[in-house]
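One structure is given here, and the rest of the page talks about it.
Numbering (our numbering), first residue to last: 19 to 139.
Here it is, written out as C-alpha coordinates:
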(Lines of atoms letter the chains of each structure in order from A and count residues from 1; the text may use other names and numbers.)
(Lines give C-alpha, C1' and ligand atoms only; values in the text may rest on other atoms or scores of the structure.)
Protein backbone atom coordinates (compact mmCIF):
# COMPACT_ATOMS: atom_id res chain seq x y z
CA UNK A 1 0.00 0.00 0.00
CA UNK A 2 1.20 3.52 -0.75
CA UNK A 3 1.03 6.70 1.31
CA UNK A 4 1.59 10.26 0.14
CA UNK A 5 5.34 10.98 0.14
CA UNK A 6 5.72 13.48 2.98
CA UNK A 7 8.32 13.70 5.73
CA UNK A 8 6.78 15.66 8.59
CA UNK A 9 8.08 19.23 8.61
CA UNK A 10 8.85 19.23 4.87
CA UNK A 11 6.86 19.95 1.73
CA UNK A 12 4.84 17.31 -0.08
CA UNK A 13 6.86 15.54 -2.76
CA UNK A 14 5.61 15.80 -6.33
CA UNK A 15 6.05 13.25 -9.10
CA UNK A 16 7.69 14.24 -12.40
CA UNK A 17 4.19 14.85 -13.82
CA UNK A 18 3.22 17.19 -10.96
CA UNK A 19 1.00 14.72 -9.11
CA UNK A 20 1.44 13.90 -5.44
CA UNK A 21 4.22 11.35 -5.20
CA UNK A 22 3.44 8.05 -3.47
CA UNK A 23 5.86 6.38 -1.09
CA UNK A 24 6.21 2.72 -0.23
CA UNK A 25 8.77 0.34 1.20
CA UNK A 26 11.24 1.38 3.88
CA UNK A 27 10.70 5.12 3.32
CA UNK A 28 6.97 4.67 3.98
CA UNK A 29 7.80 3.04 7.31
CA UNK A 30 10.26 5.79 8.26
CA UNK A 31 7.69 8.47 7.47
CA UNK A 32 5.02 6.70 9.52
CA UNK A 33 7.33 6.26 12.55
CA UNK A 34 8.49 9.88 12.42
CA UNK A 35 4.90 11.17 12.07
CA UNK A 36 3.77 9.07 15.04
CA UNK A 37 6.63 10.23 17.27
CA UNK A 38 6.24 13.93 16.48
CA UNK A 39 2.42 14.13 16.52
CA UNK A 40 0.93 15.32 19.79
CA UNK A 41 -1.65 13.05 21.42
CA UNK A 42 -5.07 14.53 20.76
CA UNK A 43 -4.10 16.25 17.49
CA UNK A 44 -6.04 13.69 15.43
CA UNK A 45 -9.69 14.18 16.34
CA UNK A 46 -10.77 10.59 15.73
CA UNK A 47 -7.56 9.05 17.10
CA UNK A 48 -6.93 10.91 20.38
CA UNK A 49 -4.30 8.42 21.59
CA UNK A 50 -2.19 8.61 18.41
CA UNK A 51 1.27 10.12 18.78
CA UNK A 52 4.12 10.47 21.24
CA UNK A 53 4.36 14.27 21.22
CA UNK A 54 8.15 14.37 21.55
CA UNK A 55 8.12 18.13 21.01
CA UNK A 56 6.72 18.68 24.50
CA UNK A 57 10.03 17.52 25.99
CA UNK A 58 12.12 20.24 24.30
CA UNK A 59 13.42 22.68 26.89
CA UNK A 60 12.00 20.66 29.78
CA UNK A 61 13.83 18.66 32.41
CA UNK A 62 14.72 15.53 30.46
CA UNK A 63 14.01 12.02 31.73
CA UNK A 64 15.78 9.89 29.11
CA UNK A 65 14.36 6.50 30.27
CA UNK A 66 10.82 7.95 30.14
CA UNK A 67 11.33 9.22 26.58
CA UNK A 68 12.90 5.93 25.44
CA UNK A 69 9.95 4.03 26.93
CA UNK A 70 7.47 6.34 25.21
CA UNK A 71 9.21 5.87 21.86
CA UNK A 72 9.37 2.09 22.33
CA UNK A 73 5.65 1.92 23.14
CA UNK A 74 4.68 4.01 20.12
CA UNK A 75 6.89 2.00 17.77
CA UNK A 76 5.20 -1.20 18.94
CA UNK A 77 1.98 0.21 17.50
CA UNK A 78 3.41 0.60 13.98
CA UNK A 79 2.90 -2.37 11.67
CA UNK A 80 6.07 -1.50 9.72
CA UNK A 81 8.28 -2.13 12.78
CA UNK A 82 9.25 -5.76 13.38
CA UNK A 83 8.80 -7.03 16.94
CA UNK A 84 11.99 -9.11 16.84
CA UNK A 85 14.62 -7.92 17.18
CA UNK A 86 13.33 -5.09 19.35
CA UNK A 87 14.21 -1.56 18.20
CA UNK A 88 17.35 0.01 19.64
CA UNK A 89 16.64 3.58 20.76
CA UNK A 90 19.08 6.29 21.83
CA UNK A 91 18.06 9.72 23.09
CA UNK A 92 20.31 12.57 24.14
CA UNK A 93 19.72 16.22 24.92
CA UNK A 94 21.86 19.25 24.25
CA UNK A 95 22.26 22.33 26.46
CA UNK A 96 19.83 24.27 24.24
CA UNK A 97 17.09 21.70 24.96
CA UNK A 98 17.17 19.95 21.59
CA UNK A 99 16.60 16.20 21.64
CA UNK A 100 18.62 13.93 19.36
CA UNK A 101 16.92 10.60 18.66
CA UNK A 102 18.42 7.56 16.96
CA UNK A 103 16.40 4.43 16.25
CA UNK A 104 17.59 1.18 14.69
CA UNK A 105 14.83 -1.27 13.85
CA UNK A 106 13.90 -3.93 11.33
CA UNK A 107 11.37 -3.01 8.66
CA UNK A 108 8.68 -5.68 9.04
CA UNK A 109 7.50 -5.93 5.40
CA UNK A 110 11.00 -6.21 3.90
CA UNK A 111 12.98 -7.65 6.83
CA UNK A 112 15.68 -5.02 6.18
CA UNK A 113 17.53 -3.30 9.05
CA UNK A 114 16.63 0.38 9.11
CA UNK A 115 17.90 3.45 10.94
CA UNK A 116 16.19 6.73 11.63
CA UNK A 117 17.94 9.76 13.13
CA UNK A 118 16.26 13.08 13.85
CA UNK A 119 16.41 16.11 16.12
CA UNK A 120 13.45 17.58 17.96
CA UNK A 121 13.81 21.29 18.60
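Every residue, glycine too, gets a C-beta built ideally from N, C-alpha and C.
Check: What number of angstroms, rounded off, separates the C-alpha of residue 104 from the C-alpha of residue 135?; Outcome: 17 Å
Check: Give the secondary structure of residue 103 by DSSP, where H, G and I count as helix, E and B as strand, and everything else as coil.; Outcome: coil
Check: Roughly how many angstroms lie between the CA atoms of residue 113 and residue 81, to the nearest whole one?; Outcome: 14 Å
Check: For the beta strand (DSSP E) that contains residue 36, what are its first and last residues?; Outcome: Careful: residue 36 lies outside any beta strand (DSSP E) and carries neither H nor E.
Check: DSSP three-state label for residue 134, please.; Outcome: strand
Check: On the three-pair Cβ rule with 8 Å, is the stretch 76 to 90 touching the stretch 33 to 47?; Outcome: no
Check: Using the C-alpha atoms, what's the distance from residue 115 back to residue 51?; Outcome: 22 Å
Check: Determine, using beta carbons only, whether residue 40 and residue 22 come nearer to each other than 9 Å.; Outcome: yes
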